[in-house]
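Novice: Mind looking over this structure? Questions follow.
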Amino acid sequence: MKKRFLFYLLPITFTNFCYSQINYEPGYFIDNAGVKTECLIKNLGWKNNPESFIYKTQENAAEQKAQISEVKEFSVSNKHKFIRHVVHIDRSGYRTEDLNIDMNPVWTKDTLFLKVLIDGEASLFYFEKDNLQRYFFLVPDSAVRQLVYKKYLIDENRIAENNMFRQQLWNEVKCGNVRMEYVNLIPYHVKELVKYFRNYNSCKGNDGNDYYSGKSNSYFNFKITLGAASTTVNTINKVSFNNNFEFGNSIVTRYGAEFEFMLPYNNNKWSLFIDPSFQYYEGSGALPHKTGTLKFKSLDFPAGLRFYFFLPGDIKLFVNAIALPLSFDFGSQITFDGDFSPFDVRSFLSFAAGGGVDYGKFSLEGRHYSNRDIFINYVNFKSEYHRSSVILGFKLINGAKRIDKKD
70 MKKRFLFYLL PITFTNFCYS QINYEPGYFI DNAGVKTECL IKNLGWKNNP ESFIYKTQEN
130 AAEQKAQISE VKEFSVSNKH KFIRHVVHID RSGYRTEDLN IDMNPVWTKD TLFLKVLIDG
190 EASLFYFEKD NLQRYFFLVP DSAVRQLVYK KYLIDENRIA ENNMFRQQLW NEVKCGNVRM
250 EYVNLIPYHV KELVKYFRNY NSCKGNDGND YYSGKSNSYF NFKITLGAAS TTVNTINKVS
310 FNNNFEFGNS IVTRYGAEFE FMLPYNNNKW SLFIDPSFQY YEGSGALPHK TGTLKFKSLD
370 FPAGLRFYFF LPGDIKLFVN AIALPLSFDF GSQITFDGDF SPFDVRSFLS FAAGGGVDYG
430 KFSLEGRHYS NRDIFINYVN FKSEYHRSSV ILGFKLINGA KRIDKKD
């Protein structure tokens, strides 16, 4: 019990330690007096635009927190730049239940840290909070304004779109031989808007600074895995404790593959994965009056959530939280000598926690599973099925590398 508790406690302790050690990156902020302070800023990736940030004046200094009311601008490693602006923003939702028949934006005045995507003759900004996504722009002799896009209802069964942002682009962000037909095809989406503003600034001879890399997109990894699992199985007869079997501990080979989907925020530190694997356990147990043999073949489909910690170079540490909702058991049985009927084995939901290291194409992970009942078809029996695995992975598809090549 203590070992199991320590195993589940370890990822939490490990997470807190790594989180406190590796997230600070060089940056700066400018306060209300216009004073620029070079510092180390905790880079959280910021899926939602922040209202504050954590910084240290030097590596060994204490953490400090800066609020939006105190800071006009801050930047981290030239990857993320936020500028404070007082803007009018339309917070109308996109979900059907949030829509109404009013096609016009409903403005509220707010002070926001806007994320800079393009900083040039014409600048493009971005704001996100939960399911709300808005783009803003700035041109000479004007204030920052939202590019207007709104869904609304024509009637109970039809949804329309107010694409006023296209008219705004045509009127105020137009250069060269841009045609209205082209502008009318631009969606309210980051890639196309960034491309349009890049082309505009290039046409004006002022490329400015580009903070949109596209590298925080979602992407896909695929690896093959090979592992060894220390497996122990005991069966418990709820009616007669004299019929409990201990099948002992075995080292089982595990063959599998992993499909990993990297989520497009927080610097791609989060991912979802599914890890199909096959293993075959065989063990024997004896009682004074009979002997039993367990043969358990299973194709498992664990699915989980993973968080990465980036270290210098290509080294990444990670922790996993895993559920095993689906498993196929192939002809798995407990057979007995003599005239006793065999027991069919069927397993049920279990969970796991783990962690490891990822370096280049290789990964190494330790994983421990919760108890798994393989007697779900029997009322008077239950099982204790425990596994701890070491898993080696080799990456065949690295989506991050493909994005780097495209950029």
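FYI, in my numbering the residues of the sequence shown are 70 to 476. Virtual Cβ for every residue (Gly too), placed ideally from N, Cα, C. Remember, predicted model here, so these are calculated numbers, not experimental data.
Report all residues from its chain with a CB closer than 6 Å to the CB of D188; omit the five preceding and five following residues, and keep chain order.
Specialist: G277 and N278
Novice: Nearest to F420 by CA position, among E132, N101, Y163 and F370, is which residue?
Specialist: F370
Novice: On the criterion of 16 or more Cβ atoms from any shown chain inside 10 Å, does L216 qualify as buried, or is it exposed?
Specialist: buried
Novice: Locate the beta strand (DSSP E) running through Y438, then write down its first and last residues.
Specialist: F431 to Y438
Novice: Please check the pair L207 and S192, which I expect to be a contact at CB under 8 Å, by giving their CB distance rounded to whole angstroms.
Specialist: The pair is a contact, with the Cβ atoms about 4 Å apart (cut-off 8 Å).
Novice: My output table needs one value for F83: the three-state DSSP class, helix, strand or coil.
Specialist: Model confidence at F83 stands at a pLDDT of 48, short of 50, so the residue's coordinates are unreliable; what they give is reported in the following sentence. Of the three classes helix, strand and coil, the one that applies to F83 here is helix, per DSSP.
Novice: Classify Y438: buried if its beta carbon has 16 or more other beta carbons within 10 angstroms, exposed otherwise.
Specialist: buried
Novice: Out of curiosity, what's the CA-to-CA distance linking C272 and N232?
Specialist: 24 Å
Novice: Determine contact between the segment 293-303 and the segment 319-326, defined as no fewer than three beta-carbon pairs at a distance below 8 Å.
Specialist: yes
Novice: From K105 to N467, what does the alpha carbon distance come to, in whole angstroms?
Specialist: 39 Å
Novice: Going by C-alpha distance, which of T301, V252 and E139 is nearest G352?
Specialist: T301
Novice: What number of angstroms, rounded off, separates the C-alpha of K219 from the C-alpha of I110?
Specialist: 35 Å
Novice: Enumerate in chain order the residues of its own chain whose CB-to-CB distance from F234 is below 7 Å, with the five nearest sequence positions on each side excluded.
Specialist: Here the set comprises L216, V217, Y218 and Y257.
Novice: By DSSP, does S479 sit in helix, in strand, or in coil?
Specialist: Outside the shown range of the chain, which is 70 to 476, sits residue 479, and nothing can be said about it.
Novice: Just how far apart, CA to CA, sit T126 and K134?
Specialist: 11 Å
Novice: Would you identify the three-state DSSP class for N467, choosing helix, strand or coil?
Specialist: strand
Novice: With DSSP run on the structure shown, which of helix, strand or coil describes Q236?
Specialist: helix
Novice: Is G317 closer than 9 Å to K364 when the C-beta atoms are compared?
Specialist: It is not a contact, given that the beta carbons lie outside the stated cut-off.
Novice: Cα separation between R73 and I460?
Specialist: With a pLDDT of only 49 at R73, under the threshold of 50, the placement of this residue in the model should not be trusted, and no figure is reported.
Novice: Is the beta carbon of L418 closer than 9 Å to that of P381?
Specialist: no
Novice: What would DSSP say about K338, mapped onto helix, strand or coil?
Specialist: coil
Novice: Going residue by residue through the segment 247-309, where are the continuous beta strand (DSSP E) segments of at least 3 residues, counting only ones entirely within it?
Specialist: 288-306
Novice: Just tell me which of H157, Y288, N336 and D344 has its CA closest to the CA of V145.
Specialist: N336
Novice: Which first and last residues belong to the beta strand (DSSP E) in which Q402 is found?
Specialist: Q402 to F405
Novice: Along the chain, where does the beta strand (DSSP E) containing R203 start, and where does it finish?
Specialist: L201 to L207
Novice: Near R436, which residues of its chain fall below 6 Å by C-beta distance, leaving aside the five closest residues on each side in sequence?
Specialist: So the qualifying residues of the chain are A421, G423 and S458.
Novice: Whose C-alpha, out of E107, G103 and A102, is nearest the C-alpha of P95?
Specialist: E107
Novice: Check each candidate in G354, L332 and S367 and name the one with the smallest Cα separation from P345.
Specialist: S367
Novice: What would DSSP say about D383, mapped onto helix, strand or coil?
Specialist: coil
Novice: Which one of F378, F194 and S138 has the shortest CA to CA distance from V263?
Specialist: F194
Novice: Hey, would you say K198 sits closer than 9 Å to N112, going by beta carbons?
Specialist: no
Novice: Which two residues bound the contiguous beta strand (DSSP E) that contains A135?
Specialist: Q133 to Q136
Novice: So, at 8 Å on beta carbons, what are the nonlocal neighbours of S270 in its own chain, with the 5 sequence-adjacent residues on each side left out?
Specialist: Before going on, a small fix: residue 270 reads as Asn here, not Ser. Same-chain partners within the cutoff: I187, G189, E190, A191, D276 and G277.
Novice: Helix, strand or coil for T126 per DSSP?
Specialist: In the structure shown, T126 sits in coil (DSSP, three-state: anything other than H, G, I, E or B).
Novice: Out of curiosity, what's the CA-to-CA distance linking Y281 and V185?
Specialist: 8 Å
Novice: For M249, count neighbouring C-beta atoms within 10 Å of its own C-beta (all shown protein chains included) and say buried if the count is 16 or more, exposed if not.
Specialist: exposed
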